[in-house]
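Here is the structure we will look at, set down as structure tokens.
Residue numbers (the UniProt record's numbering): 1 to 757.
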């Protein structure tokens, strides 16, 4: 029966070539010759004629050249073979010589790679289109718990892998996936088939998707019948769905419902009459000699079955064997020759054509066969769509009943489908069911999409935003929040009250140093010191953002306010630090650089630093600001509301400039020595920045690990500790001199490092 399909395809090629040779418009004045060889479905056998086709015209040797542009092989183009396994072998050879090869049955997605196989074409859709159709079929019937089996060959492995990747993205759970032997007669095949059936039965699925050729498909169906697998829905493909090898398996009706896709192929007008006329003279003249099937001169082969073929052997297969893809394959080459030669209705020029010259016309231009237009797509294939076929048994005989169509979308005539179930309706095949209100999905086993429905426990409820979410708070099997209270930092909490009192206490002495015109105030930075105090005041007041019920806006503002206020303070201290280090460590640069850190230009430096921080704040908001986190798991009876960090990279970017400013101030001042009897202004900056670094280290450790209301407390403590460190290290000593030791507030004791103010 496999041989019969091959014979029909060979007759289809011969019919197309005879039509073209008799045509007065396609290739007038040119007669196409051909060699037809049987591959025996074996790669090594297919290699023999392939190597012969590559030989130089007029010889039996393949030329080894650096440039094959002018190389003229024995053939101009190759039609076939049918199987993907064979094409993967031959396509590499023909692509090396850029000889067009058009297959009428190879559907492997691997062959869609035009970089590896630039001269390979096919007149059938690829397995990718087939898999998409199968997935749509499963989704339309609600079958999300299926087994998938593929034969251990290129077609089965490739289609199975494509299906697995596509199904998982379409909410289809794979209960079992495996391979069956491509050759049922090989050792160990029977045991492997039995193991496969046993595993399918253990999954309790009602749908089995089978990607295989007819022989391995028949072997699996026979084994499932023998082992009593029970009735299932078998989703098949054309490779075995339309094969009488699988259909004539004893007891085949007991397997259940067989449903699948076959390529939508039209009829070839005149082909049955051509076959009848050709085979009518087989006994008298010898069919092989008349049709030249085989080439005994080169390969020593002969079609032994041809002489005994009768019309009665072939007619039953003409209705189910797709001949149109073979017909279209031959015509695609003929149309490319027509355009490459520049043929007209008067004739074709007698010019030599190289095989590679045909590729351009095959890639770009459509062609017409029997009134139907065809065109190779970017992957060198044609997608004619599929028919959905049902095995329908009527009066004990099998009928291939079309019940739907697929062409980018799937249409199913459900009224025409009668399943094996008692009510003739589609069976269910689900690992999971729709959970009831107040239930949530609990994963079971090792399959992540297989779960049980479990009642929500006490103090939890299932959010109405969709299934699959984690349970939230309420009573048993509740669907709303009920009386569960939100937990967040309270404004009247004793700890927050103490921190607010500390913030107010820190703000009270900040106007003491601001006595204008005194030497000590000028030494501290003058107006810039006052600005630094104002920023510290705002920073302390920003603690009011943390207590109370958080929101998304408040979460985003907390980090921004802290970063901006701290930057304003550190930017005001930076010119004084740079001034000190220039005078003490780089006296030679004082005449050129000192003016950039004093007087009006120092304010430019402060403004530039602050504007840079504003830009970083904008970037932080765009990349990932802090957001409100609603935590239902940490507390048994309360909902925890905290601010979470969305992006640690954005967090580091926001605070990176302040860290750099503090580090620069520390480097500029920590080794500065001041003569005895004078105030050391650098010491306050060094101590302030050093304390800031210590505070930030502790803050980062706690901030990254805490997930409770203490996270907000940690931020408040950090804000206040930073303000206290700068205030206590830099400003409090100056306040002490102004209030308690005014006699030290002199130009001699408070002399500017540059010697003047």
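Note that CB positions come from ideal geometry on N, CA and C, so glycine has one too.
In this text, all values refer to a predicted model and were calculated from it rather than measured experimentally.
What whole-angstrom Cβ distance do residue i and residue j have, given they're in contact under 8 Å?
i           : j           : result
residue 358 : residue 340 : 6 Å
residue 587 : residue 528 : Between residue 528 and residue 587 the Cβ distance is about 23 Å, and since that is not below 8 Å, they are no contact.
residue 581 : residue 668 : 4 Å
residue 12  : residue 268 : 7 Å
residue 750 : residue 523 : 5 Å
residue 246 : residue 277 : 32 Å between Cβ atoms; not a contact.
residue 159 : residue 131 : 6 Å
residue 747 : residue 519 : 5 Å
residue 389 : residue 260 : 6 Å
Ends of the alpha helix (DSSP H) at residue i?
i           : result
residue 402 : From DSSP, residue 402 is part of no alpha helix (DSSP H) but of the beta strand (DSSP E) over 397 to 406.
residue 703 : 681 to 705
residue 105 : Counting along the chain, residue 105 falls outside any alpha helix (DSSP H), and DSSP gives it neither H nor E.
residue 221 : 214 to 226
residue 565 : 552 to 585
residue 194 : 189 to 202
residue 154 : 154 to 168
residue 601 : 599 to 623
residue 736 : 732 to 740
residue 421 : Segment: none, residue 421 is in no alpha helix (DSSP H) and carries neither H nor E.
residue 364 : 358 to 364
residue 126 : No alpha helix (DSSP H) holds residue 126; DSSP gives it neither H nor E.
How would you label residue i, buried or exposed, when you count the other beta carbons within 10 angstroms and need 16 or more for buried?
i           : result
residue 606 : buried
residue 333 : buried
residue 350 : exposed
residue 551 : exposed
residue 7   : buried
residue 263 : buried
residue 38  : buried
residue 193 : buried
residue 464 : Since pLDDT at residue 464 reaches only 45, below the 50 mark, its modelled position is unreliable, and the value read off the structure follows with that caveat. Answer is exposed; the Cβ neighbour count stays below 16.
residue 740 : exposed
residue 65  : exposed
residue 704 : exposed
residue 579 : buried
residue 679 : buried
residue 715 : buried
residue 22  : exposed
residue 542 : buried
residue 232 : buried
residue 372 : exposed
residue 585 : exposed
residue 513 : Caution applies to residue 513, whose pLDDT of 43 falls short of 50 and renders its modelled position unreliable; the model cannot decide the point.
residue 597 : buried
residue 256 : buried
Over the uninterrupted beta strand (DSSP E) stretch that includes residue i, give me the two end residues.
i           : result
residue 257 : 256 to 263
residue 589 : Premise fails: residue 589 is in no beta strand (DSSP E) and is neither H nor E.
residue 351 : Premise fails: residue 351 is in no beta strand (DSSP E) and is neither H nor E.
residue 643 : 638 to 644
residue 27  : It is not in any beta strand (DSSP E) - residue 27 carries neither H nor E in the DSSP assignment.
residue 394 : 386 to 394
Would residue i count as contacting chain D if we go by Cβ distances under 7 Å?
i           : result
residue 363 : You won't find chain D in this structure, because it holds only one protein chain.
Which residue wins for smallest C-alpha separation from residue i, given the options the options?
i           : options            : result
residue 379 : 39, 119, 565       : 119
residue 645 : 659, 620, 666, 638 : 620
residue 342 : 671, 688, 25       : 25
residue 386 : 124, 57, 23, 67    : 124
residue 103 : 324, 639, 571      : 324
residue 382 : 261, 720, 106, 191 : 106
residue 436 : 454, 89, 419, 564  : 454
residue 565 : 533, 549, 555      : 533
residue 614 : 520, 643, 557, 400 : 557
residue 412 : 62, 140, 50        : 140
residue 69  : 354, 660, 641, 392 : 354
residue 10  : 67, 58, 78, 73     : 78
residue 29  : 171, 526, 344      : 344
residue 227 : 36, 201, 137, 237  : 201
residue 152 : 220, 424, 40       : 220
Contact between the region 106 to 120 and the region 35 to 46 is defined here as three or more beta-carbon pairs at a separation below 8 Å; is this criterion met? no
Taking contact to mean 3 or more Cβ pairs, one atom from each stretch, closer than 8 Å, check whether the region 597 to 606 and the region 683 to 697 are in contact. no
Count the CB pairs spanning the region 162 to 174 and the region 233 to 253 that are closer than 8 Å, and state whether there are at least three. no
Any contact of the region 183 to 193 with the region 203 to 213, i.e. 3+ C-beta pairs under 8 Å? no
Using 8 Å as the Cβ pair cut-off and three pairs as the minimum, do the region 654 to 664 and the region 687 to 698 touch? yes
Cβ contact check for the region 386 to 404 and the region 361 to 369: 3 or more pairs under 8 Å: no
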